[in-house]
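With the first letter of the sequence shown counted as 1, position 592 gets the number 586 in our numbering; the numbers rise by one all the way through.
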Amino acid sequence: MEKSFDETLHLATIAKFNVDGRDVGGYILRREVGSSLLQQQRWQIVFVFESEGFHPWDIEEQMETAQMQVESALKEFPKGETITFHFSTFAGDLAQQQQLSALVGNASEDTQKLIVTSEQARVQQLAREGNRKIVRLRIYCTYTVGNQSHFSGDKDIVEKFLASLENSLDKFLKTISGNLGEYSNKEFWAMLLSAYREGFGRYERLLSKMGLPIKALTADEVWKILWERFNRTEPITIPQLLLITQSGLKELFSSQLDAKVLLTRDGGVPEAHTSYIKVRGAYVAPLIFMDKPDGWQSSHAQLCYLWEALSRDAVRDTECFCQLSYGDAQQSKLKLEFTTKQASYAAAKAEESGNIDVGSELVRQEVIEAQAAILEGGQPIYAATVFLIHRPSLKELNEACLEFSSYFTRPAWVARDDRTAWIIWRQTLPVVLDHLLKHAGLFDKRTLYLTTEVAGVIPLVKPHPCDAEGVEFLTEEGGFPIHLDLFSKQRHVGIFATTRSGKSVLLSGIFIHALVRVIPVVAVDYPKPDGTSSFEVFTKLVGGSYFDITKEKSNLLEIPDLRNFSPSQRKERLSNFRGFLLIALVTMIVGANKRKELPVSVEVIESILKLALSKFFQDDSIINRYERAFVEGISSHAWQNIPTLSDFILFCRAESLNLSQIGTQSEQALEFIELRLASWVQSPGLGESISQPSTFRSDSQLLVFALTNLGDDNEAAVIALSVYLAALRRAFASETSLVVVDEAPVLFQFDSISNLIGRLFATGAGAGMKVVLTGQDPDTIKSSKAGEQIFQNMSTKMVGRIQNSAVGSFEKIFGYPRELISKNASESFFPKREGIYSQWLLDNNGKFTFCRYYPPLILLALVASNPDEQIARAKVLNLYPHDQLKAIAEFSQLLKLSIQSGTSIKQVVDEYISRF
-5 MEKSFDETLH
5 LATIAKFNVD
15 GRDVGGYILR
25 REVGSSLLQQ
35 QRWQIVFVFE
45 SEGFHPWDIE
55 EQMETAQMQV
65 ESALKEFPKG
75 ETITFHFSTF
85 AGDLAQQQQL
95 SALVGNASED
105 TQKLIVTSEQ
115 ARVQQLAREG
125 NRKIVRLRIY
135 CTYTVGNQSH
145 FSGDKDIVEK
155 FLASLENSLD
165 KFLKTISGNL
175 GEYSNKEFWA
185 MLLSAYREGF
195 GRYERLLSKM
205 GLPIKALTAD
215 EVWKILWERF
225 NRTEPITIPQ
235 LLLITQSGLK
245 ELFSSQLDAK
255 VLLTRDGGVP
265 EAHTSYIKVR
275 GAYVAPLIFM
285 DKPDGWQSSH
295 AQLCYLWEAL
305 SRDAVRDTEC
315 FCQLSYGDAQ
325 QSKLKLEFTT
335 KQASYAAAKA
345 EESGNIDVGS
355 ELVRQEVIEA
365 QAAILEGGQP
375 IYAATVFLIH
385 RPSLKELNEA
395 CLEFSSYFTR
405 PAWVARDDRT
415 AWIIWRQTLP
425 VVLDHLLKHA
435 GLFDKRTLYL
445 TTEVAGVIPL
455 VKPHPCDAEG
465 VEFLTEEGGF
475 PIHLDLFSKQ
485 RHVGIFATTR
495 SGKSVLLSGI
505 FIHALVRVIP
515 VVAVDYPKPD
525 GTSSFEVFTK
535 LVGGSYFDIT
545 KEKSNLLEIP
555 DLRNFSPSQR
565 KERLSNFRGF
575 LLIALVTMIV
585 GANKRKELPV
595 SVEVIESILK
605 LALSKFFQDD
615 SIINRYERAF
625 VEGISSHAWQ
635 NIPTLSDFIL
645 FCRAESLNLS
655 QIGTQSEQAL
665 EFIELRLASW
675 VQSPGLGESI
685 SQPSTFRSDS
695 QLLVFALTNL
705 GDDNEAAVIA
715 LSVYLAALRR
725 AFASETSLVV
735 VDEAPVLFQF
745 DSISNLIGRL
755 FATGAGAGMK
765 VVLTGQDPDT
775 IKSSKAGEQI
785 FQNMSTKMVG
795 RIQNSAVGSF
805 EKIFGYPREL
815 ISKNASESFF
825 PKREGIYSQW
835 LLDNNGKFTF
845 CRYYPPLILL
855 ALVASNPDEQ
865 IARAKVLNLY
875 PHDQLKAIAE
885 FSQLLKLSIQ
895 SGTSIKQVVD
905 EYISRF
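Pasting the structure below:
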């Protein structure tokens, strides 16, 4: 009598182990074995782990260590059990769409909403085209009741104990009545605890010894995995759950129907065919290895062997299973000896006839090497590797199978199994008590490997994630989403790339993600020599404020508005701000570069200024004037009376500092300080700008200051410092903030600028500041006074396209392997027109990932800064004077057409206007 599909599954129930403070799930499997007269029950518990695997961009030394760890751990593989590695890569975007939808609701400006909506559309397109993929690696480990390899001790006692456990287990499962109940079957409970402590614990140690980062999955997670093999919907509640604790057992039921029946009730029973299966609305075909690989040149090549095929752009909706089971070492030795004799005999016969049998000699040599490996401790392991390809139609399935097969060359060729597809697909399910690629009486397609070589056919490699959310990149290999979180996590970032590499577009994307998370952004922009900036139009259209500091007044002595903080927080933040203010004042007094002709030492000047600042900010009248100015606002009379540099000068006198007796040097220092500061106050232009109340609001969520028209060294340094202080005022006034600084190479020659940014990197985290520093290469920063301090606190780096001449700098300063960073200097690393993405090397605490940034098209339209792009954008904006969002949306499509077709934006826009 033919069985129904659910009867071919061996799931008895889902287990939940709440033991030793852990929450671990698993499948309890049961199967009838033996003849009808001597039928017995076979019981097995399957534990499931999720792993990040090995990172594909790890260097050779790391991969060599990983390969050795895998080899060593597999020697401890338990006999009679299986361990199955399940790699999957499916196109998808559900989680990211949910995150972006939440961010749209947070956006305060329509333009911000439009950009995030545009990002949603881009993500959806990437998933639809198969470029954005969810990559997972899961590991299924079995514990079989009655397998003596889990126990030690007297054989007869062990066998009797195991027999009693099997009998107890059988009786227990037959007592399930469908009602919530508690049981105290001690033998059954003891067996499950033993399975957990001996089985689960053993596998956890074994996988950790492999060097794999792992996480044991819960009962809900293992049920979800099983549910998703048959359905596209969210999983129902676990129908039957067996809860195992340190005190007993409990059954939990949410349905009277068997879980195996419910698995296929919504999605339908899979359709079985000899060459394919139809399940979840898709057609699925298995492919298997027809022969072993011929070895690898390095550990990296061995571990990445399958990844090289699975990570290709065309590979999507594909799974790879590799099931390992213990091989018989003695049988393997006998087989190798027999093969050696055969090869030797063939070679001898060939020699007798005056020929050389090259094939036999090669086989003989390989066998000798295998024998040597076994003698050195290598163990034989059966490996069954299966690829499952999913496609919406049979035509697409056939094409995908042919293309995937072409990725493997002989001797290790891969072919589609078009005779036993249904059997193989069913064996990949974690609730089937069959060996993969082995079917009694039909076939055994497993391949015998040694522990030294089997790692090459296990899918152990996948990109490691960075953060759970943030700005999204897709890995160059595999299309795996990588997120960089500069918002909820504390980190400082360096972004390095030459011009036209997509740096400004990436920065703008970071700005938007901060703004829709209600995190204020302050940025210091260094426009091009012609005065154009990538951020001016963008800033204004997203609701921010863009200031050319040379056209505004920026009160150097204005402090952050700290009214929303507690007294202790106000004290800490004001003290921190005073440290930055001190740097600016010292620069104004002693100059941008050290002067040998100073009448007094810089140390004395700094000491007096520290004392003066302390007195100044403790003065009641000064405090009162600040408070009134903040209450009444920027256009008020109180604002015009806010303390300025003129007020501070009065505190730089002996009587104000309560210095009744001072030495000659201190007296000279006081006179020099007052003279220098007074000269700034009385000088037109810059001095006037920094000595009067500020003329701009600094409470915008996005505040961008432009550094333009820098004069001599002293003025350039002071202008820059006043800009940084203005930016810091906004940053200190917020719980958390994003501070973005353009490298501006000309400025890092000034010690004061370098010191200020170094202090920002070193202490900014205490005030919730996340700093982003951009530049073309690290040389200028490294050679500056605070270069070491900056780089020591820069945990994350993004490196785009760089010049060939900069390769050595990245190698020397950051310790990047030349073979890695040289890729960034190649012509192929420029942004890609056809895909509209830029390319980056992400270095997160030494973990390297090559990835791509796919900007939202609306963002690209706002940041486009070439003169012809700016003119074209202005023309389109003029067409829609009352609907700027419509104009930007239209321009984004025109820009996309121009980029991908290679047609000038002027021509594209002119043609659009002619049809308007």
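From the three backbone atoms N, C-alpha and C, an ideal C-beta is built for every residue, glycine too.
Same chain, Cβ closer than 6 Å to residue i, neighbours up to 5 away in sequence not counted
i	result
F842	W51
V40	G20, Y21, Y134, T136, P424
L741	A714, I747
E466	P475, H477
Cross-strand partners of residue i (DSSP beta bridge)
i	result
K791	G488, D837
G19	K10
S595	S595 is not bridged to any residue.
H4	Partner(s): none; H4 has no beta bridge.
C135	F41, I77
I271	A266, V278
V734	A517, V766
V129	T83
Endpoints, the beta strand (DSSP E) within which residue i is located
i	result
V712	It is not in any beta strand (DSSP E) - V712 instead sits in the alpha helix (DSSP H) that spans 707 to 726.
A632	Premise fails: A632 lies in the alpha helix (DSSP H), 631 to 634, not in any beta strand (DSSP E).
G769	763 to 769
W37	34 to 45
Y320	312 to 320
D479	Where D479 is concerned, there is no enclosing beta strand (DSSP E), given that its DSSP letter is neither H nor E.
Y190	Neither: Y190 is in no beta strand (DSSP E) and is coded neither H nor E.
DSSP state of residue i mapped onto helix, strand, coil
i	result
K73	coil
K401	The residue asked about is misnamed: residue 401 is Tyr in this sequence, not Lys. Coil at Y401, not helix or strand.
V510	coil
Q373	coil
H876	coil
I602	helix
H294	helix
C646	coil
T469	strand
D613	coil
A406	coil
R494	coil
S908	helix
E546	coil
E245	strand
E626	helix
R420	helix
Run of the alpha helix (DSSP H) containing residue i, from where it starts to where it stops
i	result
S815	Per the sequence shown, residue 815 should be read as Ile rather than Ser. Here the alpha helix (DSSP H) through I815 covers 812 to 815.
L651	Here L651 belongs to no alpha helix (DSSP H), and DSSP marks it neither H nor E.
A308	From DSSP, A308 is part of no alpha helix (DSSP H); its letter is neither H nor E.
G681	680 to 684
T774	773 to 777
Cβ neighbours of residue i in the same chain (closer than 8 Å, five flanking residues each side left out)
i	result
L575	L550, L551, L607, L719
W407	F283, M284, D285, S399
R691	S539, I628
Anticipated Cβ contact below 8 Å, residue i with residue j, distance rounded
i	j	result
R846	E390	About 25 Å separates the two Cβ atoms, so there is no contact after all.
D411	P280	5 Å
F315	T445	Wrong, their Cβ atoms sit about 19 Å apart, outside the cutoff.
F785	K776	7 Å
I684	A714	Not confirmed; about 12 Å, so no contact.
Q90	V110	Not really, about 11 Å apart at Cβ, beyond 8 Å.
R385	A276	6 Å
Residues of its chain near residue i, where Cβ-Cβ distance is below 7 Å and the 5 sequence neighbours each way are ignored
i	result
L297	F48, M57, A60, Q61, A449, L454, V455
P811	I53
G573	R753
A85	A121, G124, R126, K127, R310, D311
V636	The sequence shown places Ile at residue 636, rather than the Val named in the question. Correct list, in chain order: N549, E552, R619, Y620, A623, P687.
Closer than 8 Å to chain D by CB, residue i
i	result
I77	No chain D appears in the structure shown, which is made up of a single protein chain.
Any non-hydrogen atom of the ligand COA within 7 Å of residue i CB
i	result
G15	For the structure depicted, the ligand COA is absent and the ligand set is empty, with no information on it obtainable.
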